[in-house]
Amino acid sequence: MTSFISSLSRRQLFALGGCVVVTGMGLSACGAAPKTPVDAGSAVDETVQIDAEAYDNLIAAGTVADEATIAASSWAQKIKDAGKARIGGVDTSTMFSLRDPATQTIRGFDAGLYQLLARYILGDESKVEFVQVTSDTRESLLQNDNVDAVFATYSITDERKKLISFAGPYYQSQQGILVNADKSDIKGIQDLAGKNVAAQSGSTGPSILEQEAPEAHILEYKTDEEARRDLEQGRVDAYVIDMTMQLSSMAKNPGKYRIAGEAFGPVDAYGIGLPKDSDGVAFVNAWLKTIEEDGSWEKLWKICIGDRSDIAEVPTPPELGA
Amino acid sequence: MGVLELLAAYGGNYLVALLTTWELTLISFVLTMVVALVVTVLRVSPIKPLRLLADGYVQLFRNIAGVSLLIIVYYALPYLGLTLKPFTCVIITVVLIVSAFGSENFMTGINTIGIGQLEAARSLGLSFTQIIHLVVVPQALRSTVLPMTNLLIAVMLTTALASQIPLIPQELTGLVSFINTRSTGGIATFMISALGYVLSALAIGQVGNRLDKKLRILR
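So the protein lines, in turn, are chains F and B. For what it's worth, my numbering labels the leading residue of the first sequence as 1, then goes sequentially. For what it's worth, my numbering labels the leading residue of the second sequence as 1001, then goes sequentially.
Below you can see the structure in the form of structure tokens.
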């Protein structure tokens, strides 16, 4: 049942829900009335798609480590012996990790990195056992040895470092404020006082908001999609999350939103979650250095993020060493 | 963070969350019993369209996953012009789903009543309303104390759905993500909340057993 639900897009689910509710109320059935009050199902997907061919070529060209490099790390050797890398990730992030419903392949900046890593260790980018994670379960999955590594736009924090270890950072971002395109009363962080502001639970957003905009009413949502749904419905006035996420929403919905004011808050460095004190940290950091130097990191960034949100300037990868 | 540290830092939040869970449970359960009773009476009523409608209700809501129904109620109803508060959405969802199961419990209770009793009631000239009110419901209620105790526990566990929408203040499950968002507690955060459910369920179970011993009809 769960897999059935997740294979439906949220949008289809809403349309389906609309049918059930409308039918349940005995008003009219969806099939009989094509123009139901639910217009969510008729919206066309305008997302700026990823260049799948360029992406696949880039991953397939990734380097493979020699035996000695892998033998030097017990973490990598364990993956090599198992013949597969168990990776925790998400499959709903447009820029970082998105499942293509037609082919079931996952592509994005995070996905590209772990596929490159799987190729580096195992010589085959397809030998990944994907484990779905949420912001609440990432540490537990690593602590219980259910996954070898977590690639999930995973912010490095001191609290998390007490439970797990991080390799990287491999990317960094700050918080951005998203509002509806037609809304002009919010121009920056100072205008959030007294407003209902959405944030995603499990992200660093709520804590940063509590510090930077203490007078805002914070509502926590499980997913980005749900937070934006309530932004559109007016239950919240603004939505604060990582700028990268906001850019992906804008790429998905051209013309619907705008970014209010400058990015704010502490620099958010994304790391690769690894089991506590694993020697995989050194191994993954050495590999990150390789792909940053040979240009794969830059190419991957362009394909997954830059080309799709109209940002020409490639950022410099953050200094390694979490 | 360990269990003690979590309790020191968030003990107050856990208490509020436990009370919120109880509040949601209590309100939902009362409404569930009312809805289940009405639906069940319709299911045994002499009017066929009403029987069909009530049967349809049970089949529909018994077979919907709670999370999807909550998402429909919270995120899809606004498209029909109905924007409800998170608290209300949780109650509606829980009541719709659990009352379908509750109605099945009542049906079981009704089925334990011998057909002879109903025939006797009819020959005495009692109307349908009187039969339901005087003969069926009192017996059905008394013989469904245990299943309804289970149902109350099910209601409490189902209120955990509230963690999926921005309910303020959070109930026990929602509080886990609130805490894990602010200070990483790992599994311990879940365990404290789980303990809240387990202890509540044990208490409910005890009360249910005593009530059942007192009310059960010995046959």
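Just so it is clear, CB atoms sit at the ideal spot from N, CA and C, and this is done for glycine as well. Computed from a predicted model, the values in this text were never measured in an experiment.
Under the three-state DSSP convention, the category residue i falls into
| i | result |
| --- | --- |
| F:Gly168 | strand |
| F:Glu225 | helix |
| F:Thr92 | strand |
| F:Val131 | strand |
| B:Leu1199 | helix |
| F:Asp45 | coil |
| F:Asn196 | strand |
| F:Glu220 | strand |
| B:Thr1158 | helix |
| F:Thr137 | coil |
| F:Arg107 | strand |
| B:Ala1100 | helix |
| B:Pro1182 | Correcting the residue type first, residue 1182 of chain B is Arg in the shown sequence and not Pro. The answer is helix: DSSP assigns B:Arg1182 an H, G or I state. |
| F:Ile50 | coil |
| B:Ile1165 | coil |
| F:Ala61 | coil |
| F:Arg86 | strand |
| B:Leu1031 | helix |
| F:Gly321 | coil |
| F:Ser74 | helix |
| B:Thr1040 | helix |
| B:Thr1149 | helix |
| F:Asn144 | coil |
| F:Lys80 | helix |
| F:Ile121 | helix |
| F:Thr316 | coil |
| F:Lys187 | coil |
| F:Ala102 | coil |
| F:Glu215 | coil |
| B:Ile1072 | helix |
| B:Met1001 | coil |
| F:Asp277 | coil |
| B:Gln1059 | helix |
| F:Glu232 | helix |
| B:Ser1193 | helix |
| B:Gln1170 | coil |
| F:Gly202 | coil |
| B:Lys1048 | helix |
For residue i, the residue or residues it bridges with in DSSP
| i | result |
| --- | --- |
| F:Asn180 | F:Tyr257 |
| F:Gln175 | F:Asp242 and F:Phe264 |
Per-residue burial, residue i [other beta carbons within 10 Å of its own, 16 or more giving buried]
| i | result |
| --- | --- |
| F:Thr316 | exposed |
| F:Ile186 | buried |
| F:Arg160 | buried |
| B:Gly1011 | exposed |
| B:Ala1140 | buried |
| F:Gly123 | exposed |
| B:Arg1225 | Past the boundaries of the shown model lies residue 1225 of chain B; chain B is included only from 1001 to 1219, so the question cannot be answered. |
| B:Arg1043 | buried |
| F:Asp145 | exposed |
| B:Ser1123 | exposed |
| F:Ile305 | buried |
| F:Leu98 | buried |
| B:Phe1145 | One detail in the question is off: residue 1145 of chain B reads as Val in this sequence, not Phe. The residue is buried, with at least 16 neighbouring Cβ atoms inside 10 Å. |
Residue span of the beta strand (DSSP E) that contains residue i, given as start and end
| i | result |
| --- | --- |
| F:Tyr239 | Ala238 to Asp242 |
| F:Pro266 | Phe264 to Leu274 |
| F:Tyr154 | Ala149 to Ser155 |
Terminal residues of the alpha helix (DSSP H) in which residue i lies
| i | result |
| --- | --- |
| F:Asp158 | Asp158 to Lys161 |
| F:Arg99 | It is not in any alpha helix (DSSP H) - F:Arg99 instead sits in the beta strand (DSSP E) that spans Ser97 to Arg99. |
| B:Leu1124 | Here B:Leu1124 belongs to no alpha helix (DSSP H), and DSSP marks it neither H nor E. |
| B:Pro1078 | Here B:Pro1078 belongs to no alpha helix (DSSP H), and DSSP marks it neither H nor E. |
| B:Ile1064 | From DSSP, B:Ile1064 is part of no alpha helix (DSSP H); its letter is neither H nor E. |
| B:Gln1139 | Val1137 to Ser1143 |
| B:Arg1216 | First-last for B:Arg1216: undefined, no H or E at that position. |
| F:Ile70 | Glu67 to Ala71 |
| F:Gln211 | Gly205 to Glu212 |
| F:Ala286 | Gly280 to Glu293 |
| F:Glu298 | Ser296 to Cys304 |
Three Cβ pairs or more, each shorter than 8 Å: is that satisfied between the region 1174–1186 of chain B and the region 1084–1099 of chain B?
With a cut-off of 8 Å on Cβ pairs, the region 1174–1186 of chain B is not in contact with the region 1084–1099 of chain B, counting fewer than three such pairs.
Check whether the region 1101–1109 of chain B touches the region 1013–1023 of chain B, taking contact to mean three or more Cβ pairs, one atom from each stretch, closer than 8 Å.
Taking one beta carbon from each stretch, the region 1101–1109 of chain B and the region 1013–1023 of chain B have fewer than 3 pairs nearer than 8 Å; the two do not touch.
Would you check if there are 3 or more beta carbon pairs closer than 8 Å linking the region 1029–1037 of chain B to the region 1150–1162 of chain B?
They touch, by the three-pair rule.
Below 8 Å, how does it come out for the region 169–180 of chain F and the region 257–274 of chain F: are there three or more Cβ pairs, yes or no?
Contact between the region 169–180 of chain F and the region 257–274 of chain F is present, because at least three Cβ pairs lie under 8 Å.
Decide yes or no for the touch test of the region 110–129 of chain F against the region 277–295 of chain F: beta carbon pairs closer than 8 Å, at least 3 of them.
Using a C-beta cut-off of 8 Å, the region 110–129 of chain F makes contact with the region 277–295 of chain F, since at least three inter-stretch Cβ pairs fall below that distance.
Would you call the region 85–92 of chain F in contact with the region 59–75 of chain F, where contact means no fewer than 3 C-beta pairs closer than 8 Å?
Not touching, per the Cβ criterion.
Is it true that the region 1126–1137 of chain B meets the region 1194–1211 of chain B, where meeting means three or more beta-carbon pairs spaced less than 8 Å apart?
No: fewer than three Cβ pairs fall under 8 Å.
Mind the definition here: the region 121–140 of chain F touches the region 262–270 of chain F only if three or more C-beta pairs lie below 8 Å; say whether that holds.
In short, these stretches do not touch, since the Cβ pair count stays below three.
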